[in-house]
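Chemist: Following this message is one structure expressed as structure tokens.
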């Protein structure tokens, strides 16, 4: 792993060795970031490098990942998700070009598979037999699925209120699911204690510095799939801030080794019921924690662990943040399904709602080239989908009743 | 489309022209099959042809599909699903080699996207603005999603009892969903009348001869992804019989143009509560319709429309049929998740239950190379998943209570 120089603390600036189990800064407990030797990477990796590469997953980008070449990797196909042009949807928004990257096509249905793929590789390097995290959502199912595929035990801490459907998926993957009789914060705290007590691999986002490296592959893929022509804007929903920070890191890495010749602007979108990062962005003041009142559960984070990295990503890119209501999110879900054939979960489509707003407010120009990342599959939350749409037509089994009920466009 | 000779009726043998809207036989209403000019196809398509092909979807196989080169195609990435080696699961079964093809990674979550991709292409050729089918399941969501992506209207007929979750996905895709106040058969009958009355494109499986051509691409992909080394056995769950018939056609096509040098044996698996094809296979007598009593709803077909094609596929291949209980299906779901990190819906994992049985009974040898196709994503039916697994551990938020609850393997 000679292409990785070290880890650096984003808080105190201290360097430390990139060991597989290293988490937060030994000195100040700040968040660490992987620092690459870009010159060394650039010796090997250029546009030509990818031309005949037959690795159809995020491991295409191994020379830019903090993983040893021979580390056992998840056998699941993580990454290599498709990008669609969406002219009909672009037309409705009044945009010239809209591109959609569908991260719901990952093996457990969300972008979080990218984090788990790299996280599990580091767990294998660390030699840990068990991995753990506290999460009710996509991060948990990604960890459980990829751990199972590698034959490793996963222990997932969830608050008592976690929905049964989400727990079922974790249990199918054979994870040990600990339902903590208490709040989400109590579940996190117990996971922290247990990880320390039993020596499990710590797979919590914003604590483990490698997960964001997995997430950045979404941007490396965007660059390559668009033939290195970077969009003007890239849109992500924002919860704890790790995903948009990871995406930005991917663009910075690609730029630093000369794969792309400019950087995109980032639009980060939060739900109005849980938008502390967006508030901090616009106020310029310190982040104030909020309650978590949105149906977009994957981005319902009132006290985010990684706001600084996210704020830096949006600011450095010259981008902006938007805040959208649950109603706008549900409208976006329906719009995306009807006009592009992509079914996203509420958090996954929040970006579309924010894009719409940014266009209406003139913050994004209609001639700019925009890529929207749909971060999770709608099948993860069919209940919310039910709220986004109306009722079916109910008819008696005869043509006359049917004709009376059908919309005119179908009557030919 | 000079590589397509004509359609042939599997019942009366009559040839007819392959028009985009042709459905069943004009003479006897039998099921039609597409006949290719294999010599012409083989002139262009050989192993070399695929080596540098950068089309990462089922359209890799366009020269073997009944679609014109310039027909507008679904922009969704259909096909190019991954195959995983599953050594841990193979070990439990006592098999040397088990391969898993995860069709749940298709855009709407099932193999049926392949049928809809080709079906929608034919609808575009036919110039129809609206497409229709009767289905509650994967075929409906595949049609709705791919129609939306192409900007075409879809009208889906469902029986009154169809679960709300499945309807929500159809409505998100903007389909007109007609809930028929009656049985499934009444929904089918009303769809038939309406298709005729309004001139919609008929997208019902076993009536439309092109859908099975889409399904066959799963086998073309298997052949190519395994570097043309055909497995000894290929395992599919069986409902109406169209999928296993399509898969077999893919192998026959590949063999006929010389891409592969032998054919696999097919293992078809039905649920005990709805196994008329399996019964007919083993009795050698005419098919007797059954009730539909299984939680594997995607293969709950008591009166299949395409039993002859399915029976022919299994018999011609030298394969066999198995019948599995719902309990075995739920066990298979859990086993697949725990040991391979793949979450399949009940019908999607029924094949694994059948494989297990066939191994136990010695019908498949433990040294044979087996590929299991998981036909649909477990997220489609989280309710059944809940039945397949136990409960999470419930603990108070302290380490002592946690230690008492955790399985020993996790205590380090």
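Residue numbers (this note's numbering), protein chains in the order written: chain A, 50 to 461; chain B, 50 to 461. Just so it is clear, CB atoms sit at the ideal spot from N, CA and C, and this is done for glycine as well.
Closest to residue 342/B by C-alpha separation, out of 326/B, 321/B and 437/B, would be which residue?
Modeler: Position 293 of the second chain, counting from 1, holds the residue named residue 342/B. Ranking the options by Cα distance to residue 342/B, first place goes to 321/B.
Chemist: For the pair the stretch 352 to 367 of chain B and the stretch 442 to 451 of chain B, tell me if three or more CB-CB distances fall below 8 Å.
Modeler: No, they do not touch.
Chemist: How far does the alpha helix (DSSP H) with residue 378/B in it reach, from first residue to last?
Modeler: As a position in the second chain, residue 378/B is number 329, starting the count at 1. Element bounds for residue 378/B: 375 to 389.
Chemist: Run the proximity test for residue 96/A: is its beta-carbon closer than 7 Å to any non-hydrogen atom belonging to the ligand ZN?
Modeler: This structure simply doesn't include the ligand ZN, nor any ligand for that matter.
Chemist: Would you verify that the beta carbon of residue 247/B is, or is not, closer than 8 Å to some beta carbon of chain A?
Modeler: As a position in the second chain, residue 247/B is number 198, starting the count at 1. Yes - at least one Cβ of chain A is within 8 Å of the one on residue 247/B.
Chemist: Answer with yes or no whether the minimum CB distance from residue 241/B to chain A is below 8 Å.
Modeler: For the purposes of this step, residue 241/B is identified with residue 192 of the second chain, where counting begins at 1. With a threshold of 8 Å between beta carbons, residue 241/B makes no contact with chain A.
Chemist: Using a Cβ-Cβ distance cut-off of 8 Å, determine whether residue 395/A contacts chain B.
Modeler: For the purposes of this step, residue 395/A is identified with residue 346 of the first chain, where counting begins at 1. By this cut-off, residue 395/A is not an interface position.
Chemist: Of all the options 77/A, 53/A and 71/A, which has the alpha carbon lying nearest to the alpha carbon of residue 63/A?
Modeler: Within the first chain, the letter at position 14 stands for residue 63/A. If we check each option's Cα against that of residue 63/A, 77/A comes out closest.
Chemist: Following the continuous beta strand (DSSP E) through residue 315/A, name the residue where it begins and the one where it ends.
Modeler: The residue labelled residue 315/A in the question sits at position 266 within the first chain. It spans 314 to 320 - the beta strand (DSSP E) in which residue 315/A sits, taken as one unbroken run.
Chemist: Quick one: complete beta strand (DSSP E) runs, 3+ long, within the stretch 302 to 375 of chain A?
Modeler: Segments of the beta strand (DSSP E) lying fully in the stretch 302 to 375 of chain A: 314 to 320 and 369 to 373.
Chemist: Considering residue 398/B, what are the terminal residues of the alpha helix (DSSP H) in which it resides?
Modeler: Within the second chain, the letter at position 349 stands for residue 398/B. Where residue 398/B is concerned, the enclosing alpha helix (DSSP H) stretches over 395 to 409.
Chemist: Assuming residue 314/A and residue 138/A are in contact, meaning their beta carbons sit under 8 Å apart, how far apart are those beta carbons, in whole angstroms?
Modeler: One-based indexing of the first chain puts residue 314/A at position 265. One-based indexing of the first chain puts residue 138/A at position 89. In fact, because the Cβ distance is near 20 Å, the residues do not count as touching under 8 Å.
Chemist: Per DSSP, residue 425/A is paired with what?
Modeler: As a working note, residue 425/A is residue 376 in the first chain. Beta-bridge pairing links residue 425/A to 159/A.
Chemist: Leaving out five residues on either side along the sequence, give the residues of the same chain with a beta carbon under 6 Å from the beta carbon of residue 427/A.
Modeler: Working through the first chain from its first residue, we reach residue 427/A at position 378. Closer than 6 Å at Cβ, skipping near neighbours: 392, 393, 394 and 434.
Chemist: Report the three-state DSSP secondary structure of residue 445/A (helix, strand or coil).
Modeler: Taking the first residue of the first chain as position 1, residue 445/A is located at position 396. DSSP places residue 445/A in the coil class of the three-state scheme, outside both helix and strand.
Chemist: Only counting runs of 4 or more residues, tell me where the alpha helix (DSSP H) segments fall wholly within the stretch 88 to 127 of chain B, in order along the chain.
Modeler: Counting only unbroken stretches of 4 or more residues, the alpha helix (DSSP H) elements lying wholly within the stretch 88 to 127 of chain B are 96 to 100, in sequence order.
Chemist: Output, in chain order, the set of chain B residues within a Cβ distance shorter than 7 Å of residue 221/A.
Modeler: On the first chain, residue 221/A is found 172 positions in, with the first residue counted as 1. The answer, in chain order, is 382, 383, 386, 392, 427, 434, 437 and 438.
Chemist: Who are the near neighbours of residue 290/A in its chain, counting only those whose CB is closer than 7 Å to its CB and skipping five residues on each side?
Modeler: Within the first chain, the letter at position 241 stands for residue 290/A. Answer for residue 290/A: 326, 353, 355, 356, 358 and 359, listed in chain order.
Chemist: For the stretch 120 to 150 of chain A, list every residue whose C-beta sits within 7 Å of some C-beta in chain B, in sequence order.
Modeler: 124, 125, 126, 131, 133, 134 and 137
Chemist: Since I believe residue 159/B is in contact with residue 153/B (beta carbons under 8 Å), could you give me their beta-carbon distance rounded to a whole number of angstroms?
Modeler: Position 104 of the second chain, counting from 1, holds the residue named residue 153/B. Position 110 of the second chain, counting from 1, holds the residue named residue 159/B. Sure, about 7 Å apart at Cβ, within 8 Å.
Chemist: Per DSSP, what kind of secondary structure is residue 417/B in: helix, strand or coil?
Modeler: By one-based count along the second chain, residue 417/B stands at place 368. Looking at residue 417/B - three-state DSSP - the assignment turns out to be coil, as it is neither helix nor strand.
Chemist: Quick check on DSSP: helix, strand or coil for residue 72/A?
Modeler: By one-based count along the first chain, residue 72/A stands at place 23. Under the three-state reduction of DSSP, residue 72/A is assigned to coil, being neither helix nor strand.
Chemist: My guess is that residue 53/B and residue 87/B are in contact by the Cβ rule of under 8 Å, so how many angstroms apart are they, rounded?
Modeler: Mapped onto the second chain, residue 53/B falls at position 4. Mapped onto the second chain, residue 87/B falls at position 38. No, residue 53/B and residue 87/B are not in contact; Cβ-Cβ is about 11 Å, not under 8 Å.
Chemist: Mind checking whether residue 407/B and residue 362/B have CB atoms under 8 Å apart?
Modeler: Working through the second chain from its first residue, we reach residue 407/B at position 358. Working through the second chain from its first residue, we reach residue 362/B at position 313. Against a cut-off of 8 Å, the Cβ pair of residue 362/B and residue 407/B comes out as no contact.
Chemist: Taking the beta strand (DSSP E) that residue 181/B belongs to, which residues open and close that run?
Modeler: In the second chain, counting from the first residue as 1, residue 181/B sits at position 132. From DSSP, the beta strand (DSSP E) with residue 181/B extends over 179 to 183.
Chemist: Distance cutoff 8 Å, beta carbons only. Does residue 278/A sit that close to anything in chain B?
Modeler: Translated into positions along the first chain, residue 278/A becomes position 229. No, its Cβ sits nowhere closer than 8 Å to a Cβ of chain B.
Chemist: Rounded to the nearest angstrom, what separates residue 260/B and residue 123/B at their Cα positions?
Modeler: Here residue 260/B refers to the residue found at position 211 when the second chain is read from its first residue. Here residue 123/B refers to the residue found at position 74 when the second chain is read from its first residue. Roughly 14 Å separates the two Cα atoms.
Chemist: Using CA coordinates, which residue listed in 226/B, 157/B and 177/B is at the minimum distance from residue 195/B?
Modeler: Position 146 of the second chain, counting from 1, holds the residue named residue 195/B. Selected option, being the one with the closest Cα: 157/B.
Chemist: So, helix, strand or coil for residue 251/A, using DSSP?
Modeler: By 1-based counting over the first chain, the position of residue 251/A is 202. Strand.
Chemist: 8 Å is my cut-off, CB to CB: does residue 109/B come that close to chain C?
Modeler: Here the protein chains are A and B, and chain C is not one of them.
Chemist: By Cβ distance, which residues of its chain are closer than 7 Å to residue 114/A, with the 5 residues on each side in sequence left out?
Modeler: As a working mapping, residue 114/A is identified with position 65 in the first chain. Result list for residue 114/A: 167 and 262, in chain order.
Chemist: Name the chain A residues whose beta carbon is nearer than 9 Å to that of residue 443/B?
Modeler: Position 394 of the second chain, counted from the start, is the residue given in the question as residue 443/B. Residues of chain A passing the Cβ test: 209, 227, 228, 229 and 230.
Chemist: Is there at least one Cβ from chain A nearer than 8 Å to residue 20/B's Cβ?
Modeler: Residue 20/B lies beyond the residue range present for chain B, which begins at 50 and ends at 461; the question has no answer from this structure.
Chemist: Mind checking if residue 197/A is an interface residue toward chain B, Cβ cutoff 8 Å exclusive?
Modeler: Within the first chain, numbered from 1, the residue matching residue 197/A stands at position 148. Closer than 8 Å: yes.
Chemist: Tell me whether residue 215/B is buried or exposed, calling it buried when 16 or more other Cβ atoms sit within 10 Å of its Cβ.
Modeler: Within the second chain, numbered from 1, the residue matching residue 215/B stands at position 166. By the 10 Å Cβ count, residue 215/B comes out buried.
Chemist: Roughly how many whole angstroms lie between the Cα atoms of residue 254/B and residue 264/B?
Modeler: Taking the first residue of the second chain as position 1, residue 254/B is located at position 205. Taking the first residue of the second chain as position 1, residue 264/B is located at position 215. If you draw a straight line from the Cα of residue 254/B to the Cα of residue 264/B, it comes to about 11 Å.
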